[in-house]
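Numbering (this note's numbering), first residue to last: 615 to 1377.
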Amino acid sequence: MTVSNEMSSPAMETAGTTASGRRPLPEWLVVVGLGVLAALVFTIPYLLHWTFYYVGDNPESFVPRWHYYGEVIRGGHWPTMDPGGWYGGNHAAEAAVSLWNPVWAVFFLVTSLFNDLAAAAALVSIAHLALLAMGAYLLCREYGAARLPAVLLGFAVPATGFTLYYEAAGWPSGLSSFVWVTWFWWAARRHSRGLSGPWLPFLFGVLAVTTGNPYATLGVLIVLAGITVELLVARAYRRLAHLVVMGACVGASALLVYVPLLTAMAVSSRQELAAIVNDTFMVPDLGDLAASSGPSYLPSIYNWNGAVLESLPSTYFVWFAIPLIPWLRWRSLRSQARGLISLGAITFVYFVLVLGPSNVWLFRWPIRLIEYFYLGLAALVAVLLSAGLARDHFRERMLGTVGLVGVGAYLSFAVRPEYYTIHLLATFLVLALVVGAILLYRRGRWLAFGAVLLVGTIAVLTYQTARIPVRVEGNPGVEPPRSIERIQSGTELYRGAYLELVYQTPVRTQDQADGQILFGSLTYVSGHESLNRYGGVGFAKFAEALCMDYKGVTCADAYNRLWRPVAGTSDLPLVDALRVETLVLQNKLLPNVVNQTPPAGWRVALRDDLRAVWVREAPLPHPGRVSYASSGTEVRSSESSDRHERVAFRAPAGGGELIFARLAWPGYTATVDGKPVQLRNGAAGLVTITVPPGEHVLELSFVTPGLRLGAVALGIATIIVIGQSILWWRGNRRRRESVSSVEPMPRTGELDPNAEDLATANS
């Protein structure tokens, strides 16, 4: 018995017809349609909670920085260095900000048009999730999945717990790397089968690497290794050679991203030692994977602040994947085994890494890799679903499904029994949906079966994001500031560069929303230069001088350090060396200081229940960013920009010394009248230069180390890939014209059109 609306085989779809004889929709239209659907559905979490895509590193590091980058780019400059960014001002070295990624450049420009930073964050995250859904769909199709299963699993991948609750919500660099590795995987595997040239995987590979996230580079390497194994087994050495050349060209783009970072590590405060250790931080286990279809399962994973219980479904996979295990036709994989080698190899590598130690070399927190493992697993489930569900042993299989749902429910309850109502409702929802889908399938309604799974994914997503994380009554948490206008209104009294001496814990939502106290990159949108910035790389001597962490949080002793003379000077306090013109003193951090009379040259501009604001009365003594000139040295003029400063000076007979309010990042050079002079990484990390006697002109310039090398390497790689693409096209044309040409590696999952339809077997 053959049912007209059963799924068609991939072979029939490839031939251009469905089982009912109708011509299918063009593949590009399905891909775009899936992206639009994903964009609409993943707006739901934002509509439920405006903070959903605006937590963690998004407000503290990324989104305000994007706004700043967009403004700089619209002003006709590229933001590689900002001395006024201080701890986080070496933007080219901050690899994870994706400064060289062209897609991110568009997002920078778009974000700069927003006043609501939370809305901007949501737009960027939702766009990435839509791109991820499209890429995951194409990857499922690449390994032979039929269209409907590919849609179901492609749509489900962005809804997995870690991707949605961690990456999309607060780690956009990780989300972006996952998106472009997914697209690279699809393009590279397609190229390995001879169906497309090297240009497409090269493009997506460069987009992955230029996110600046090391997990993207790792992903590219793992994908290339997995496909290499498949080509070696197939003895497709010509295609392997093409893959190797293309992969090497993708690797060349890493120079542009990582050489500036590596050179900055010499002065960085966030150097990490390469090691293989396990402190159990963010390390999933097999129990977490066993419960990965439970929407309310919150794993017991050691995480921040010593917590051993998660508040997010970080190991959630797909709600219907485990319950459908008893119905999958596992034997169908036998005929497709050779075409699934790369899928199996890549997925297995990620499985091993997910269960590995917390630190492997410079890669830490294995849970960051779980989404890549789930991507491979999703493609495998899509391939299995393409063979149809088994129809025999109905009772036993249904009992197996109910049992697996029950196991997930029990594990969810066992870890967090206090949320029993959430577990109960989630279990009922999953059980009802999966049983309903199976019954529809047995009636021959394949499309209805798929519709239930798709709607079920949307329902589970809505329920999850509405209830998780659980909102504790009376303690809603601190919400980050979102309105640029309100932030700027809270800082309108500030003058020049300002420094906050603040601690993060006692700050309320309203204090941040009004800009009274800001942390990390939020100071970018204050409208003033700030010494408190988020720094992924950081500057060790500067951080030590102000006991400042990577978010701009300081200790109480920072106040005393500001008034001490800088080493090598007789009377220059650190606050003057930094050219600070506004001090923001938090009441709870400095209760004995905020009510004092400010030192000479300063006045109180504001006192309230949160802070005291002191403003410098007298103008700074030197122009530009010059903060100190030794006795007898006169600074006559200074023309200053972000990457260059030209200072006219006169020094006494014994010479003199100049200090600049610039951190001495590697890349700075100095000349006097065109002759090179040495500059030092002086007190607090400030650029310090000994100058000769007499009247001269000092030129201080910054050039990002490795920038030219990286640009040349990427240019050469691009030229090579263009040439390789021409050779590939000519070679393919000759092989097509040759009677003895070798057919491309078969598409995984292709079925013999004359064979019995697996979807209706045993009916």
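A virtual CB, placed ideally from N, CA and C, is assigned to each residue, including glycine.
Reference residue i; option with closest CA among the options
i: Trp700; options: Ser1339, Gly840, Arg1344, Ala1298; result: Ala1298
i: Arg1193; options: Tyr1138, Pro693, Ala866, Gly698; result: Gly698
i: Tyr1077; options: Val738, Leu1061, Phe818, Val1044; result: Val1044
i: Ala993; options: Gly1020, Glu1032, Ala935; result: Ala935
i: Ser744; options: Val820, Ala719, Ala652; result: A small correction: the amino acid at residue 744 is Ala; Ser does not occupy that position in the sequence shown. Checked all of Val820, Ala719, Ala652; the closest Cα to Ala744 is Ala652.
i: Val793; options: Thr777, Leu1067, Gly1246, Gly784; result: Thr777
i: Ser946; options: Arg1221, Gly958, Leu999; result: Leu999
i: Ala822; options: Leu1039, Glu1158, Ala839, Ser867; result: Ser867
i: Thr1318; options: Ser787, Leu870, Asp1222; result: Leu870
i: Arg688; options: Gly1022, Phe722, Gly833, Leu1224; result: Phe722
i: Leu648; options: Val669, Arg761, Phe676, Pro716; result: Arg761
i: Val1069; options: Val644, Glu756, Ala773, Glu685; result: Ala773
i: Val1151; options: Gly702, Trp941, Ala1262, Leu1047; result: Gly702
i: Pro1280; options: Thr657, Leu639, Val881, Ser1026; result: Val881
i: Tyr757; options: Ala1159, Ser1097, Gly953, Leu1160; result: Gly953
i: Pro898; options: Arg849, Ile890, Gly833, Arg982; result: Arg982
i: Gly1269; options: Phe977, Gly1246, Ala1172, Leu737; result: Gly1246
i: Glu1106; options: Asn1346, Leu1224, Thr1119, Ser1140; result: Ser1140
i: Pro1307; options: Val1249, His681, Tyr1117, Gly1329; result: Val1249
i: Asn919; options: Gly1014, Thr1119, Leu1224; result: Thr1119
i: Gly908; options: Thr1015, Tyr872, Leu875, Val968; result: Thr1015
Exposed unless 16 or more other CB atoms sit within 10 angstroms - verdict on residue i
i: Asp902; result: buried
i: Trp642; result: exposed
i: Leu1075; result: buried
i: Pro1367; result: Low local confidence applies: a pLDDT of 31 at Pro1367 is under 50, so the model's placement there is unreliable, with the coordinate-based value given in what follows. Pro1367 is exposed by the Cβ-count criterion.
i: Met1162; result: buried
i: Asp1287; result: exposed
i: Asn1174; result: exposed
i: Trp1060; result: buried
i: Phe1008; result: exposed
i: Leu1323; result: exposed
i: Asp893; result: exposed
i: Ile1082; result: buried
i: Gln1210; result: exposed
i: Phe1042; result: exposed
i: Gly630; result: The predicted position of Gly630 is uncertain, since its pLDDT is 43 and thus under 50; a value taken from the coordinates is nonetheless stated next. Under this definition Gly630 is an exposed residue.
i: Met896; result: buried
i: Asp1256; result: buried
i: Ser1251; result: exposed
i: Arg1122; result: exposed
i: Leu1372; result: Confidence in Leu1372 is poor, its pLDDT being 33 and thus under 50, which makes the residue's placement unreliable; the coordinate value appears in the next sentence. That one is buried.
Contact set for residue i: own chain, Cβ-Cβ below 8 Å, skip 5 residues either direction
i: Tyr1282; result: Arg1276, Leu1293, Val1301, Leu1314, Ser1315, Phe1316
i: Glu674; result: Pro1094, Phe1133, Gly1134, Ser1135, Leu1136, Tyr1148, Lys1165
i: Trp1216; result: Leu1197, Trp1228, Val1229, Arg1230, Glu1231
i: Cys754; result: Pro763, Ala764, Leu767, Gly768, Ala992, Ala993, Ala996, Val997
i: Ala1111; result: Gly698, His1142, Glu1143, Ser1144, Leu1145, Leu1192, Arg1193, Val1194, Glu1195, Thr1196, Ala1275
i: Glu1099; result: Asn729
i: Ser810; result: Ala801, Arg804
i: Tyr1034; result: Phe1027
Own chain partners of residue i with C-beta closer than 6 Å, once the 5 adjacent residues on each side are dropped
i: Ala801; result: Leu814, Pro815, Phe818
i: Glu1271; result: Ser1244, Thr1304
i: Gly861; result: Leu838
i: Ser1354; result: Its pLDDT being 44, under 50, Ser1354 is placed unreliably in this model, and the coordinates cannot settle the point.
Whole-Å CB distance - residue i paired with residue j, under 8 Å assumed
i: Ala782; j: Tyr660; result: Actually they do not touch by this definition, with Cβ atoms about 10 Å apart.
i: Thr1071; j: Ala770; result: 5 Å
i: Ile1101; j: Glu1114; result: Contact doesn't hold; Cβ gap of about 13 Å is too wide.
Contact set for residue i: own chain, Cβ-Cβ below 7 Å, skip 5 residues either direction
i: Asp671; result: Gly784, Trp785
i: Thr796; result: Leu746, Gly749, Ala750, Leu753, Leu989
i: Val922; result: Ser914, Tyr916
i: Tyr779; result: Leu926, Pro927, Ser928
i: Leu1038; result: none
i: Val711; result: Arg679, His705, Gly826
i: Gly1088; result: With a pLDDT of only 45 at Gly1088, under the threshold of 50, the placement of this residue in the model should not be trusted; the figure read from the coordinates follows. Excluding residues within five positions, none has a Cβ falling inside 7 Å.
i: Arg1011; result: Pro940, Trp941, Ala1004
i: Val843; result: Ile955, Ser956, Ala959
i: Ala878; result: Asn704, Ala707, Val1151, Trp1279, Pro1280
Residues sharing a beta bridge with residue i, DSSP
i: Tyr1112; result: Ser1144, Thr1196
i: Val1326; result: Paired residue(s): none; Val1326 is not in a bridge.
i: Arg1230; result: Trp1216
i: Ala1265; result: Gly1308
i: Asp671; result: Asp671 is not bridged to any residue.
Heavy atom of the ligand HEM within 7 Å of residue i beta-carbon
i: Val966; result: This structure lacks the ligand HEM; in fact it carries no ligand of any kind.
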